[in-house]
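A quick write-up on the structure given underneath.
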Amino acid sequence: AVAVHGDFAVVGAYNETNGVARGAVYLFNRSGTNWIEKARAYDAEGQVYDYFGSDVAIWSNDVAVGAPQAGRGAITNGLAFFYRINQDATALVLNNIIQDPAAEAGFAESVAIGSAFAVLGGDSAYVCFREGTNWVRQIRYQVATSDQFGKSVGVSERSVAIGAPFDATAGSGAGAVWVYEVEPRNRQDEARRFDGNSITHFGQAVASWSNLVFFGAAGGVTATSGAVYVYRNGGQSWSLQEELYPANRSN
Numbered sequence: 005a006v007a008v009h010g011d012f013a014v015v016g017a018y019n020e021t022n023g024v025a026r027g028a029v030y031l032f033n034r035s036g037t038n039w040i041e042k043a044r045a046y047d048a049e050g051q052v053y054d055y056f057g058s059d060v061a062i063w064s065n066d067v068a069v070g071a072p073q074a075g076r077g078a079i080t081n082g083l084a085f086f087y088r089i090n091q092d093a094t095a096l097v098l099n100n101i102i103q104d105p106a107a108e109a110g111f112a113e114s115v116a117i118g119s120a121f122a123v124l125g126g127d128s129a130y131v132c133f134r135e136g137t138n139w140v141r142q143i144r145y146q147v148a149t150s151d152q153f154g155k156s157v158g159v160s161e162r163s164v165a166i167g168a169p170f171d172a173t174a175g176s177g178a179g180a181v182w183v184y185e186v187e188p189r190n191r192q193d194e195a196r197r198f199d200g201n202s203i204t205h206f207g208q209a210v211a212s213w214s215n216l217v218f219f220g221a222a223g224g225v226t227a228t229s230g231a232v233y234v235y236r237n238g239g240q241s242w243s244l245q246e247e248l249y250p251a252n253r254s255n
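Counting from 5, one number per residue, gives the positions in the sequence shown under the working numbering.
In structure tokens form, the structure reads like this:
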């Protein structure tokens, strides 16, 4: 997993540490045209097959790390770690750790972070707001009938996008994405739902920026080519802006 914001990049190495998948993350800082390794972080209480670093996200000096099989004690349903880059960018300082109170498997399989809030995906999705130096769960989204809801997540200034690439509402393997407005704080409007077509796995990956959302579809234009769909929020409605796909659609 890789995430970049400004002059910082975070790289997850979930299979690191003696080959037993405890995992680690690395911080890089841009210097001219080069990227210099500055810091490394891991879970000091980690166990084998925690997969720490399966997903990473960064915004400014805040870093989120997912470890979907980590836990404390007998509960290993997943943990999310929030770090702060220190002033001279030589360390990732742990702020706090969040565990899913519902004890669902695969918590923090996907993570995203923005200036005001973060979202953690698993079998459901939690929106977390900053409380001082910590991040605190505030909103939980769940779609009981959707397969792999929370497999992918993204954030923008006011909204979160949550993907379910195996949702079958529009056909077997079609996939779907939900976009929720979460600002002003704790707002929980009805979601705007986007559906794929049969076998597209729409929502396999999602990303957001400003008033744009990007939805990846592993099936895409053909069953194997893949595509990215770009939607724009015009305030009152959403519109498809562009469909991106390989020049050679057969691959």
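All C-beta atoms, glycine included, are put in the ideal place defined by N, C-alpha and C. All figures in this text were calculated on a predicted structure; none of them were measured in a lab.
When the five nearest sequence neighbours on each side are left out, the beta carbons in the same chain lying within less than 6 angstroms of the beta carbon of residue 218 are those of 211, 232, 234, in order along the chain. The residue from 64, 121, 236, 25 with its alpha-carbon nearest to that of residue 196 is 236.
Shown here for residue 251: not one same chain residue has a beta carbon closer than 6 angstroms to its own, the five before and five after excluded.
If you keep only unbroken beta strand (DSSP E) runs of at least 3 residues inside the segment 172–245, you get 180–185, 196–199, 206–213, 216–221, 231–237. Take the alpha-carbon of residue 94 and the one of residue 32: they are about 10 angstroms apart.
A contact between stretches requires three or more CB pairs, one per stretch, nearer than 8 angstroms, and the segment 71–83 fails this requirement with the segment 33–40.
The residue among 126, 117, 98 with its C-alpha nearest the C-alpha of residue 82 is 126. Inter-segment contact for the segment 94–106 and the segment 151–158 is absent: fewer than three beta-carbon pairs are separated by less than 8 angstroms. Taking C-beta atoms as the reference points, residue 140 and residue 133 count as a pair closer than 8 angstroms. DSSP lists 114, 129 as the bridge partner or partners of residue 125. Here residue 161 really is in contact with residue 118; their C-beta atoms are around 7 angstroms apart, less than 8 angstroms. Here residue 208 is buried. Its C-beta has 16 or more other C-beta atoms within 10 Å.
Apart from sequence neighbours up to five positions away, the residues of its chain that approach residue 90 with a beta-carbon distance below 7 angstroms are 97, ordered along the chain. Around the beta carbon of residue 114, 16 or more other beta carbons lie within 10 angstroms, which makes this residue buried. With 16 or more neighbouring CB atoms inside 10 Å of its own CB, residue 104 falls in the buried class.
Leaving aside the five residues that flank residue 186 on each side, the residues in its chain whose CB is nearer than 8 angstroms to its CB run, in chain order, 121, 131, 143, 162, 163, 164, 192.
By DSSP's assignment, residue 41 forms a beta bridge with 32. Closest option to residue 215, judged by alpha-carbon separation, among 44, 244, 176: 244. A direct Cα-Cα distance of roughly 44 angstroms separates residue 40 from residue 240.
DSSP places residue 93 in the coil class of the three-state scheme, outside both helix and strand. Residue 166: member of the beta strand (DSSP E) spanning 163–168, first to last residue. Separation of residue 171 and residue 111 (C-alpha to C-alpha, rounded to the nearest whole angstrom) is 19 angstroms.
Between the alpha carbons of residue 51 and residue 242 lies a distance of about 44 angstroms. Residue state for residue 71 is assigned as strand, using DSSP reduced to three classes.
The Cβ neighbour count for residue 92, taken over all protein chains shown within 10 Å, is under 16; the residue is labelled exposed. The C-beta distance from residue 202 to residue 175 rounds to 3 angstroms, short enough to fall under 8 angstroms.
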